[in-house]
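Participant: Protein sequences, first through last, are from chains A and B.
Okay, so the first sequence: first residue is -3 according to my numbering, each after it adds one.
Okay, so the second sequence: first residue is -3 according to my numbering, each after it adds one.
Below you'll find the structure I mean.
Number of protein chains: 2
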Amino acid sequence: MTLLCDPSTGLRLAAYLDTGDPLPEWADAVIPIENVEPIDVDQQPSANPRRPHAIRIRSAVVPWSHVRPIGEDIVATQLVLPAGHTLRPVDLGAIAACGHTGVRLAKRPRVAVLPTGTELVEIGKPVRAGDIIEFNSLVLAAQVEQWGGEATRFAIIPDDLEAILEQVSQAAESHDLVLLNAGSSAGSEDYSARVVEELGELLVHGVAVRPGHPVILGMIRSGDGKIPIIGVPGYPVSAALTGEIFVQPLLARWLGRQPDQPGTVSAILTRKVTSTPGDDDYLRVAVGRVGQKFLAAPLARGSGVITSLVRADGIAVLPRGSQGLPAGATVEVRLYRNPAELERTIFAIGSHDMTLDLLSQFLAKCDRRLASANVGSQGGLVALRRGEAHLAGSHLLDPETGEYNLTYIREYLPGVPVKVVALVDREQGLIVPSGNPKMLQSLADLARPGVSFVNRQRGAGTRVLLDYQLRLLGISPESIQGYSQEEYTHLAVAAAVASRRADCGLGIAAAAQALDLDFIPLYHERYELVIPDVYFHSDLLAPLFQVLADPSFRQAVATLPGYDVSRMGNLVAEVR
Amino acid sequence: MTLLCDPSTGLRLAAYLDTGDPLPEWADAVIPIENVEPIDVDQQPSANPRRPHAIRIRSAVVPWSHVRPIGEDIVATQLVLPAGHTLRPVDLGAIAACGHTGVRLAKRPRVAVLPTGTELVEIGKPVRAGDIIEFNSLVLAAQVEQWGGEATRFAIIPDDLEAILEQVSQAAESHDLVLLNAGSSAGSEDYSARVVEELGELLVHGVAVRPGHPVILGMIRSGDGKIPIIGVPGYPVSAALTGEIFVQPLLARWLGRQPDQPGTVSAILTRKVTSTPGDDDYLRVAVGRVGQKFLAAPLARGSGVITSLVRADGIAVLPRGSQGLPAGATVEVRLYRNPAELERTIFAIGSHDMTLDLLSQFLAKCDRRLASANVGSQGGLVALRRGEAHLAGSHLLDPETGEYNLTYIREYLPGVPVKVVALVDREQGLIVPSGNPKMLQSLADLARPGVSFVNRQRGAGTRVLLDYQLRLLGISPESIQGYSQEEYTHLAVAAAVASRRADCGLGIAAAAQALDLDFIPLYHERYELVIPDVYFHSDLLAPLFQVLADPSFRQAVATLPGYDVSRMGNLVAEVR
């Protein structure tokens, strides 16, 4: 601090300060440096030529001008943060600014996660037939940590009542909550209910929630008191949802805060769903915004399908009493995602092709999400007509003309101007077990006795192709065993063949290769993207065309068997 | 697994399985236990009476019934998660389910946070006059961790060019980014720009953003390469916003993900704001929903006021070129909070009283937030008329009748049915420095030469009271030094007295006590809540009445000096 003094009296008159410096006791105003003019009245040269020892003030100074008053921020007794608040970075600053060196926090609840099951193997250990990789404890522990608890993952406990009793008792002594995973159903080795009864009190066995039905709630002894125990069902989706429905609110209550309250949107169901009337049905959905509408595409329902939770953008609860909802019904979706993310979601409904996964991967790098629902080519065109998709993948052959898609677009989308862009040319053929044990050569073999088939659903381009070729060959569907057994994707067809449910199915080479199956090529076809003009030039879709033109994307697709990318990105047709 | 065999051939026919067990190789269907009838054909007794060795099947079984096909979840080559995805608990499950034991993750960027300034003291160390508690590094480090980086907080470096150079060079060797806090302005000890120039390249000095103006961006040497350095301004709000504006997007890019995209709402400004036309102005606002409208109440503007960030529900950016916006203008608010939280926010606009802080504290326990904007009693009634608040605190004396509020309600809220509920009776008086050095006794002393006053803003109930009493005493406002110096809260008035900007102010006893000032009681007054009927019976406000009836709340208020809680919660009047 360079002091300026009155040479006659020695009184301090002014001092140089930097922005943010506290005001000296003797001062009562600050003059901005641009209003100060250095003058040379002092014999003694200043140590700093930019900071002379005498100044002239260019304009009048009002007391307390350019002084930030104390109390501008916060003063004693004023509330800094209410109770039950989760501290954010700026809150730490405010606490420190008030002179506090610490605050009282809620204790993080200690949660024991105990996986049980003789069939379980740890992640990374060799998996033999009949083994199941144990990952529910990983998911539950990560959920607990995310919601503010401290999780302890126990080692896998075999289906042995004594062993489970011992581990649960031990966990209860050092934790605030025990999650006992699997064994909550009524199977022969489902010991959870007995364990809870033996160690305390069984309060609830089974809740009217799907997935998640066989939940157990109880209180067990811990030291002189009792702690809650939750019997978590074994199916992965049930386990994760049990965490959301039962564990999260409990942790929030212990932490003195509100459970996370997800955003919600009203969305239109893209297809019919059925529901068990006795239960609240937690329907996982992909959500996108098309035009002004939010759309919810139901995902796989199985409680074992953990990827349905991974892909879910949210949950629509169909309340008990409901037998289901028709396509077009409005549902309230509790979002897993920030609503802003939905604004950059490309919503594709239509035919399934394996390049869509790669496309999703590449689009993610361009700040776009691809949400795709597989309803077959015709279903995609119907979705476009209803304004429920940004684009539809389609490979519908017109047997009359040999053309792809155009006939169908004119039929399904009258008055909707669209552009048709090539994605890939691909081979369709028979997917058969490795070595082709039934020695199948063509579709004619499907009618052979002892050959079972797995079909695609009505409306799928592959189904249209099959029906067309069968007609050409004069084969009636009734003569094919398994014709009515329908799957929704090429991979599901391949999986049916791999699991011996069928001897063959019609599909693409890449699906056969993915499951180490053999492939008998039969037809070439064009898989195209149908895009309404209204989205063709949108910001949302711009990155799609960048990806289609990207050599590294083309190369990635070309490595899949049976794909030809030479026409990728070409504008095939404009239909008005 | 209990096997059932054909006694003649020894062939396996069936086995008992639990839900979720894998299907044995030889089996091709599952029969639910309720369709199985035990029969006693076997001489050998079963080890488990519930699991006999012979069964009858009650209904026909189709191959593959009750079998979950493989591939229902995910099969080889299918995309599990796209690149650039932040892993959630269920994602860990899906990765493990696919047999992966690990995935490649983006490396967490290492960020060095260096606080500089001779005036700084560490949190918890003794603070002398002129010292500033250093907490910016705490906030910046917490931000970095929240955004996925790893932060290193360095010890405070004094304003010494050599010392700063040495520490920055050292930090650069082991980090991916250096945040050099303060010293980015043009003051005498603001070395940041010189440090960056000396160690590398200064790219930007000053950005058109308020608060946050004097940001420095540069690249400095690190090993064989260069790393970025950001000179972060010293004012707490500027520092935190610099984090949001510059650090977060950089970390997101390094982590291969999108920066957090906050939700936004369109909200109506509750009062006029001015803006520097040359800069993007980051206005902190409290947000609430009243009826169908979202409202944004501007908070303190000062860049030193970190509590304005703590209280902010969001940020409205007034773009450069704008000179400000009038009350009633619509602004786009980037939310810091989940929109669901806004649904449980009670938006109170009106007079300031210190019990509102306590009320906020108690309401937080009932799942309600209280957002209060201090615009004075009259301003509160105007806000109610505009439908911009759920309630207004008011203490407006009608000199004619001696009544509080009713006259003003009839004048300001014609046709708006409201209920008036007592909050507290309280003392108003002169807030003076400890010991009352100017020996002030009444408002008559305000006109004495050498006595300076700090006033409340027009429309405040306290101002109405002052003006009324001055009229009674025959004192003209012009005769009072400081009459035009206005503050918005009782605490701000007290802070002005405490910092010697004024000798006295009119306010409440609790504000004087909070800052260790003396208080000369002069008047009693009634502070009431004015609540439109439309909200009086709402779910939103129900917890408010619970709190007003809560003895522990009344007791907490009663401990504040000058408060009488005997009428608290009483319905004082209904005005239609």
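Idealized CB from N, CA, C, for every residue including glycine.
1) Quick one, are the C-beta atoms of LEU75(A) and GLN357(B) less than 8 Å apart?
2) Which residues, in chain order, does the region 99 to 129 of chain B contribute to contact with chain A at a C-beta distance below 9 Å?
3) With DSSP run on the structure shown, which of helix, strand or coil describes LEU556(B)?
4) Determine the chain E residues that contact LEU305(A) at a beta-carbon separation under 7 Å, and present them in chain order.
5) Reducing DSSP to helix, strand and coil, say where ARG497(B) ends up.
6) Of all Cβ atoms in chain B, is any one closer than 8 Å to the Cβ of GLN516(A)?
7) Return the first residue and the last residue of the alpha helix (DSSP H) that PHE449(A) is part of.
8) Roughly how many whole angstroms lie between the Cα atoms of ARG54(B) and VAL26(B)?
9) For a test of the three-state rule: what should DSSP assign to ARG422(B), helix, strand or coil?
10) LEU540(A) touches chain B at which residues, Cβ-Cβ below 7 Å?
11) Thinking VAL568(B) and VAL420(B) are a contact (beta carbons under 8 Å), I'd like their distance in whole angstroms, please.
12) Considering only the alpha carbon of each residue, which of PHE541(A), GLY558(A), MET564(A) lies closest to ARG550(A)?
13) On the three-state DSSP scale, how would you describe ASN370(B)?
14) Could you check what DSSP says for TYR531(B) in three-state terms: helix, strand or coil?
15) Run the CB neighbour count on LYS415(B), radius 10 Å, all protein chains shown included, and call it buried at 16 or more, exposed below.
16) Between ASP186(A) and GLY113(A), what straight-line distance do the alpha-carbon atoms span, to the nearest angstrom?
17) Name the chain B residues that come within less than 7 Å of THR97(A), Cβ to Cβ?
18) At what residues does the beta strand (DSSP E) containing GLY230(A) begin and finish?
19) Where does ALA23(B) land, buried or exposed, given buried means 16+ other C-beta within 10 angstroms?
20) Residues of chain B with CB under 9 Å from ASN132(A), in chain order?
21) Residues of the region 425 to 442 of chain A with a CB closer than 7 Å to any CB of chain B: list them in chain order, please.
22) Using 8 Å as the threshold, is the region 342 to 354 of chain B in touch with the region 319 to 328 of chain B, meaning 3 or more CB pairs across them?
23) For LEU472(B), count the other beta carbons within 10 Å of its own beta carbon; 16 or more makes it buried, fewer makes it exposed. Which is it?
24) If you drop the 5 nearest sequence neighbours on each side, which residues of the same chain put their C-beta closer than 6 Å to that of LEU544(A)?
25) In chain B, what lies closer than 9 Å to PRO356(A) by C-beta?
26) With respect to the alpha helix (DSSP H) encompassing GLY89(A), which residues constitute its N-terminal and C-terminal limits?
27) Sorry if obvious, but does the Cβ on ALA308(A) come closer than 7 Å to a heavy atom of the ligand SAM?
28) Alpha carbon to alpha carbon, what distance is there between VAL117(B) and SER271(B)?
29) Between the Cα of PRO517(B) and the Cα atoms of GLY126(B), LEU502(B), LEU402(B), which residue gives the shortest distance?
30) So, do the region 147 to 163 of chain B and the region 187 to 197 of chain B have three or more beta carbon pairs nearer to each other than 8 Å?
31) My output table needs one value for TYR278(B): the three-state DSSP class, helix, strand or coil.
32) If I measure Cβ to Cβ from GLY67(B) and keep anything under 7 Å in the same chain, skipping five residues before and after, which residues do I get?
33) What do you reckon, are the CB atoms on GLY310(A) and VAL281(A) nearer than 8 Å?
34) Does the pairing of the region 140 to 150 of chain A with the region 220 to 228 of chain A give three or more beta-carbon distances under 8 Å?
35) List, in chain order, every chain B residue whose beta-carbon is nearer than 9 Å to that of GLN142(A).
36) Applying the criterion that 16 or more other CB atoms from any shown protein chain within 10 Å of the CB defines a buried residue, is PRO294(B) buried or exposed?
Facilitator: A quick look at the data gives this:
1) As a working mapping, residue 75(A) is identified with position 79 in the first sequence. As a working mapping, residue 357(B) is identified with position 361 in the second sequence. For LEU75(A) and GLN357(B), yes; Cβs fall inside 8 Å.
2) GLY113, GLU115, ILE119, GLY120, VAL123, ALA125, GLY126, ASP127, ILE128, ILE129
3) Position 560 of the second sequence, counted from the first residue, corresponds to residue 556(B). It is coil, neither helix nor strand.
4) Going by chain labels, chain E is absent from the structure shown, which instead holds the protein chains A and B.
5) In the second sequence, counting from the first residue as 1, residue 497(B) sits at position 501. Secondary structure at ARG497(B): coil, using DSSP grouped into helix, strand and coil.
6) Against the first sequence, residue 516(A) aligns to sequence position 520. Rather than Gln, the amino acid found at residue 516(A) in this sequence is Ile. False, the Cβ-Cβ gap to chain B never drops below 8 Å.
7) On the first sequence, position 453 is the one that residue 449(A) refers to. Run containing PHE449(A): none in the alpha helix (DSSP H); it sits in the beta strand (DSSP E), 449 to 452.
8) In the second sequence, counting from the first residue as 1, residue 54(B) sits at position 58. In the second sequence, counting from the first residue as 1, residue 26(B) sits at position 30. Going from the Cα of ARG54(B) to the Cα of VAL26(B) covers about 13 Å.
9) Locating residue 422(B) in the second sequence gives position 426, counting from the first residue. Strand, per DSSP.
10) As a working mapping, residue 540(A) is identified with position 544 in the first sequence. Result: empty, since nearest Cβ-Cβ is about 14 Å, beyond 7 Å.
11) Numbered from 1 along the second sequence, position 572 holds the residue referred to as residue 568(B). Numbered from 1 along the second sequence, position 424 holds the residue referred to as residue 420(B). Not confirmed; about 12 Å, so no contact.
12) Position 554 of the first sequence holds residue 550(A). The shortest C-alpha separation from ARG550(A) is found at MET564(A).
13) In the second sequence, residue 370(B) corresponds to position 374, counting from 1. Strand at ASN370(B).
14) Your numbering for residue 531(B) matches position 535 in the second sequence. Three-state DSSP puts TYR531(B) in a helix.
15) As a first step, residue 415(B) is located in the second sequence; it is residue number 419 there, counting from the start. LYS415(B) comes out buried.
16) As a working mapping, residue 186(A) is identified with position 190 in the first sequence. As a working mapping, residue 113(A) is identified with position 117 in the first sequence. The alpha-carbon atoms of ASP186(A) and GLY113(A) are separated by roughly 9 Å.
17) Mapped onto the first sequence, residue 97(A) falls at position 101. Result: ILE119, GLY120.
18) The residue labelled residue 230(A) in the question sits at position 234 within the first sequence. Careful: GLY230(A) lies outside any beta strand (DSSP E) and carries neither H nor E.
19) For the purposes of this step, residue 23(B) is identified with residue 27 of the second sequence, where counting begins at 1. Looking at its Cβ environment, which holds fewer than 16 other Cβ atoms inside 10 Å, ALA23(B) is exposed.
20) Residue mapping note: residue 132(A) aligns to position 136 of the first sequence, counting from 1. Going along chain B in sequence order, the residues near ASN132(A) (Cβ under 9 Å) are GLY89.
21) Answer set for the region 425 to 442 of chain A: empty.
22) No, the region 342 to 354 of chain B does not touch the region 319 to 328 of chain B.
23) Here the question's residue 472(B) lines up with position 476 in the second sequence. The identity of residue 472(B) in the sequence shown is Ser, whereas the question assumes Leu. Classification of SER472(B): exposed, given that the 10 Å Cβ count is below 16.
24) If you number the first sequence from 1, residue 544(A) lands on position 548. Within the same chain, LEU544(A) has close Cβ partners MET564, GLY565.
25) The residue you call residue 356(A) lines up with position 360 of the first sequence. In the sequence as presented, Pro is not what sits at residue 356(A); that position holds Ser. What SER356(A) touches in chain B: LEU75, PRO78.
26) Your numbering for residue 89(A) matches position 93 in the first sequence. If you look at GLY89(A), you'll find it in the alpha helix (DSSP H) that goes 85 to 93.
27) The ligand SAM is absent from the structure shown, which contains no ligand whatsoever.
28) Working through the second sequence from its first residue, we reach residue 271(B) at position 275. Working through the second sequence from its first residue, we reach residue 117(B) at position 121. If I take the Cα positions, the gap works out to 34 Å.
29) One-based indexing of the second sequence puts residue 517(B) at position 521. Comparing Cα-Cα distances from PRO517(B) to each of GLY126(B), LEU502(B), LEU402(B), the minimum goes to LEU502(B).
30) yes
31) To locate residue 278(B), count along the second sequence from 1; it is residue 282. In the structure shown, TYR278(B) sits in a strand (DSSP, three-state: E or B).
32) For the purposes of this step, residue 67(B) is taken as the residue at position 71 of the second sequence. Residue confidence for GLY67(B) is low, a pLDDT of 49 falling below 50, so the modelled location carries little weight; the figure read from the coordinates is stated next. Correct list: empty, nothing qualifies.
33) Counting from 1 along the first sequence, the entry for residue 310(A) is found at position 314. Counting from 1 along the first sequence, the entry for residue 281(A) is found at position 285. Contact flag set, yes.
34) The answer is no - the region 220 to 228 of chain A does not touch the region 140 to 150 of chain A, with fewer than three Cβ pairs under 8 Å.
35) As a working note, residue 142(A) is residue 146 in the first sequence. Within chain B, the residues near GLN142(A) are ARG84, PRO85.
36) Translated into positions along the second sequence, residue 294(B) becomes position 298. Buried, since its Cβ has 16 or more Cβ neighbours within 10 Å.
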